[in-house]
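Right, one structure below, let's go through it.
Protein chains in written order, with UniProt numbering: chain W, 1 to 349; chain C, 1 to 185.
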């Protein structure tokens, strides 16, 4: 650097004013000072700490340490065959193990500047040393001492079945069985129920075949499940109606919300505050609500359903998200609709 | 770690919480959201898709994702799992027949790794209906006690119709999330 300086200065005098020139000079001095200090630093560190500065010096030091560990392993093997002092063997082995650890540490500390090939081969050397130490200790120390290893390897496969068992314990829950009010498992009957003055909140119609069902008064929730060839006439439902699996039925319903799942070949006469939905349905037709019984006006008012909303025709098909009409449902042609249905509470309660 | 701390910082600044609301169809999810936001609940159609509602709650901003529960669209729930701070599982306590469906869907949901860190509020809705199961009974059916110990959860009975119980549930959820994300600052 010093050799270059005169030419630099000569060049600078031509182009730079004296202030800049001074600056330039100062900078060069600082640089050279820094270079010197770096040089001496790295010189020191190669002696004082394990951080080395060049690949070759690392390699030679690594090779030395490696050889010394190898020779100590060999020595221990020889020594043990003559003397059977187990405590000495043990301390020798732990010393060797420590030396291998140091070697590994040396490699880790210097890996940042080593070519990747050297890192890999050095890692391999370390793991080879570890392995030969393991073999040696397996030979020298009685098997009983080694129970730790066999234990840990046998514990691993054990832990998995335990997890699976735990899952199995969780999976079978016992449901508390409580039947809600409703009509269930009937065939060919006329079923009548009035909710007037009752405290019934939810009502279920389930597993009915060829039945006529008349429900009067208001209820909070209505569930219809597995109906075949039935006629269902209900007063207004304040909450929602959930229908699942009906076939060949005529249903006259009024509610805040109506959800229809798995219905086939059925006609729905609805009054709904929101849009009715169908899912997995086929051949279902819709028409406006047409029920009459004594006091129905009051019940409709209670449920907020006194006005026709026109929503009976605003059906959303969850399996038909296109703009064109879903093939799964249609509006029931007026000539096919039943005229107003009148029911009364003359049946059995 | 870096990304997580950045997300935390951003959320801390905005005091935002992302809440995912799921459950079977007809359980009352949309009604709950509208009720807690003080909106009219008299006309609500079954949710085809999802609704997002941003509401101010205490000093936080809640982004509530109310995702439809119909069978056909349950498979899309997974699209909403990312970055969920709080999970609300809504149960129709009067729908006894589908409680096993309800349990199965909840179990599937809780297996989801992306929801592992979120607080879980179970709302046993429709308590106003005579004959509905109590929150304790629902808890037993859903076998909540056997849930992973690391999960923060609570079950609260409520009625979206009357509004009862909703604030109790949301208070717990927001406090629980706040204590995790904002360390109760």
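Don't be surprised by glycine CBs; every beta carbon is placed ideally from N, CA and C.
Cα-Cα separation between residue 258/W and residue 147/C, rounded to whole angstroms | Translated into the one-based positions of the first chain, residue 258/W becomes position 258. Translated into the one-based positions of the second chain, residue 147/C becomes position 147. Their Cα atoms are separated by approximately 34 angstroms.
Name the chain C residues that come within less than 7 angstroms of residue 259/W, Cβ to Cβ?
-> Here the question's residue 259/W lines up with position 259 in the first chain. The answer, in chain order, is 25, 26 and 46.
Taking just the CA atoms, how far does residue 260/W sit from residue 217/W?
-> Locating residue 217/W in the first chain gives position 217, counting from the first residue. Locating residue 260/W in the first chain gives position 260, counting from the first residue. If I take the Cα positions, the gap works out to 22 angstroms.
Tell me, to the nearest whole angstrom, how far the beta carbon of residue 215/W is from that of residue 235/W; I am working on the premise that it is less than 8 angstroms.
-> Numbered from its first residue, the first chain carries residue 215/W at position 215. Numbered from its first residue, the first chain carries residue 235/W at position 235. The beta-carbon separation of residue 215/W and residue 235/W, rounded to 6 angstroms, stays under the 8 angstroms limit for a contact.
Start and end of the beta strand (DSSP E) containing residue 23/C?
-> The residue labelled residue 23/C in the question sits at position 23 within the second chain. From DSSP, the beta strand (DSSP E) with residue 23/C extends over 16-23.
Compare the Cα-Cα distances from residue 73/W to each of 279/W, 94/W and 58/W and report the closest residue.
-> Counted from its first residue, the first chain places residue 73/W at position 73. The shortest Cα separation from residue 73/W among 279/W, 94/W and 58/W belongs to 94/W.
Under 8 angstroms (Cβ pairs) to chain C, residues found in the stretch 211-243 of chain W = 220, 221, 223, 225, 239, 240 and 242
Cβ distance (whole Å) where residue 125/C is taken to contact residue 91/C below 8 angstroms = To locate residue 125/C, count along the second chain from 1; it is residue 125. To locate residue 91/C, count along the second chain from 1; it is residue 91. Going by Cβ atoms, the distance from residue 125/C to residue 91/C rounds to 6 angstroms, so yes, they are a contact pair.
Mind pulling the chain W residues with CB within less than 7 angstroms of residue 73/C?
-> As a first step, residue 73/C is located in the second chain; it is residue number 73 there, counting from the start. Per Cβ cutoff of 7 angstroms: 318.
Residues of the stretch 87-117 of chain C with Cβ closer than 9 angstroms to any Cβ of chain W, in chain order | Under the 9 angstroms Cβ criterion, the stretch 87-117 of chain C contributes 92, 94, 95, 96, 97, 98, 99, 100, 103 and 107.
Three-state secondary structure (DSSP) of residue 169/C | In the second chain, the residue the question calls residue 169/C occupies position 169. Helix, per DSSP.
Exposure of residue 225/W, with buried meaning 16 or more beta-carbon neighbours within 10 Å | Here residue 225/W is taken as the residue at index 225 of the first chain, counted from 1. Counting the other Cβ atoms within 10 Å of the Cβ of residue 225/W gives 16 or more, which makes it buried.
If you drop the 5 nearest sequence neighbours on each side, which residues of the same chain put their C-beta closer than 8 angstroms to that of residue 90/W?
-> Here residue 90/W corresponds to residue number 90 of the first chain, with the count starting at 1. The residues are 141.
Report yes if the CB atom of residue 281/W is closer than 7 angstroms to the CB atom of residue 254/W, and no otherwise.
-> Residue mapping note: residue 281/W aligns to position 281 of the first chain, counting from 1. Residue mapping note: residue 254/W aligns to position 254 of the first chain, counting from 1. Pairing residue 281/W with residue 254/W gives a Cβ-Cβ distance that is not under 7 angstroms.
Hey, quick one: how far does the beta strand (DSSP E) through residue 202/W stretch, first residue to last?
-> By 1-based counting over the first chain, the position of residue 202/W is 202. Note, residue 202/W: beta strand (DSSP E), 202-209.
Residues of chain C with CB under 8 angstroms from residue 274/W, in chain order?
-> Taking the first residue of the first chain as position 1, residue 274/W is located at position 274. Simply 43, 44, 45 and 46.
Spatial distance of residue 302/W from residue 335/W (CA atoms) = For the purposes of this step, residue 302/W is taken as the residue at position 302 of the first chain. For the purposes of this step, residue 335/W is taken as the residue at position 335 of the first chain. In a straight line, the C-alpha of residue 302/W is about 32 angstroms away from that of residue 335/W.
Straight-line Cα distance separating residue 174/C from residue 82/C = Along the second chain, one-based indexing puts residue 82/C at 82. Along the second chain, one-based indexing puts residue 174/C at 174. If I take the Cα positions, the gap works out to 18 angstroms.
Among 200/W, 212/W and 227/W, which one has its Cα closest to the Cα of residue 248/W?
-> The residue labelled residue 248/W in the question sits at position 248 within the first chain. For residue 248/W, the closest C-alpha among the options 200/W, 212/W and 227/W is that of 227/W.
Going by CA-CA distance only, name the one from 159/C, 95/C and 154/C that's closest to residue 176/C.
-> Residue mapping note: residue 176/C aligns to position 176 of the second chain, counting from 1. Ranking the options by Cα distance to residue 176/C, first place goes to 154/C.
Who are the neighbours of residue 181/W on chain C, taking C-beta pairs under 8 angstroms?
-> The residue given as residue 181/W occupies position 181 in the first chain. 131, listed in chain order.
By Cβ distance below 8 angstroms, which residues in the same chain neighbour residue 40/C in space, the five residues on each side in sequence not counted?
-> Counted from its first residue, the second chain places residue 40/C at position 40. Beyond the five residues adjoining it in sequence on each side, residue 40/C comes within less than 8 angstroms, by CB distance, of 34 in the same chain, given in chain order.
Verify the CB distance criterion: does residue 70/C have a CB-CB separation below 7 angstroms to chain W?
-> Taking the first residue of the second chain as position 1, residue 70/C is located at position 70. So yes, residue 70/C belongs to the interface.
What did DSSP end up calling residue 54/C once you bin it into helix, strand or coil?
-> What you label residue 54/C is simply residue 54 of the second chain in a count that begins at 1. Strand at residue 54/C.
For residue 201/W and chain C, any beta-carbon pair shorter than 7 angstroms?
-> Stepping through the first chain from its first residue, residue 201/W is reached at position 201. Closer than 7 angstroms to some Cβ of chain C, the Cβ of residue 201/W qualifies, so yes.
Distance between residue 140/C and residue 133/C (C-alpha atoms, nearest Å) | Taking the first residue of the second chain as 1, we reach residue 133/C at position 133. Taking the first residue of the second chain as 1, we reach residue 140/C at position 140. Whole-angstrom Cα-Cα distance: 10 angstroms.
Residue 125/W lies in the alpha helix (DSSP H); which residues open and close that run?
-> As a first step, residue 125/W must be located in the first chain, where it is residue number 125. Segment 116-140, the alpha helix (DSSP H) holding residue 125/W.
Which value, in whole angstroms, describes the spacing of the CA atoms of residue 106/W and residue 130/W?
-> The residue you call residue 106/W lines up with position 106 of the first chain. The residue you call residue 130/W lines up with position 130 of the first chain. When rounded, the distance between both Cα atoms is 15 angstroms.
Per DSSP, residue 331/W is paired with what?
-> Walking along the first chain from the start, residue 331/W turns up at place 331. Note: residue 331/W sits in a beta bridge opposite 286/W.
What whole-angstrom Cβ distance do residue 274/W and residue 75/C have, given they're in contact under 8 angstroms?
-> Stepping through the first chain from its first residue, residue 274/W is reached at position 274. Stepping through the second chain from its first residue, residue 75/C is reached at position 75. Actually they do not touch by this definition, with Cβ atoms about 24 angstroms apart.
Which listed residue (56/C, 96/C, 111/C and 151/C) has its alpha carbon closest to that of residue 15/C = Residue 15/C sits at position 15 when you count from the first residue of the second chain. Checked all of 56/C, 96/C, 111/C and 151/C; the closest Cα to residue 15/C is 56/C.
Taking the C-alpha atoms as reference points, what is the distance between residue 331/W and residue 287/W?
-> The sequence position of residue 331/W within the first chain is 331, counting from 1. The sequence position of residue 287/W within the first chain is 287, counting from 1. For residue 331/W and residue 287/W, the distance between alpha carbons rounds to 6 angstroms.
7 angstroms Cβ cutoff, residue 75/W in contact with chain C = If you number the first chain from 1, residue 75/W lands on position 75. It does not: the Cβ of residue 75/W has no partner Cβ on chain C nearer than 7 angstroms.
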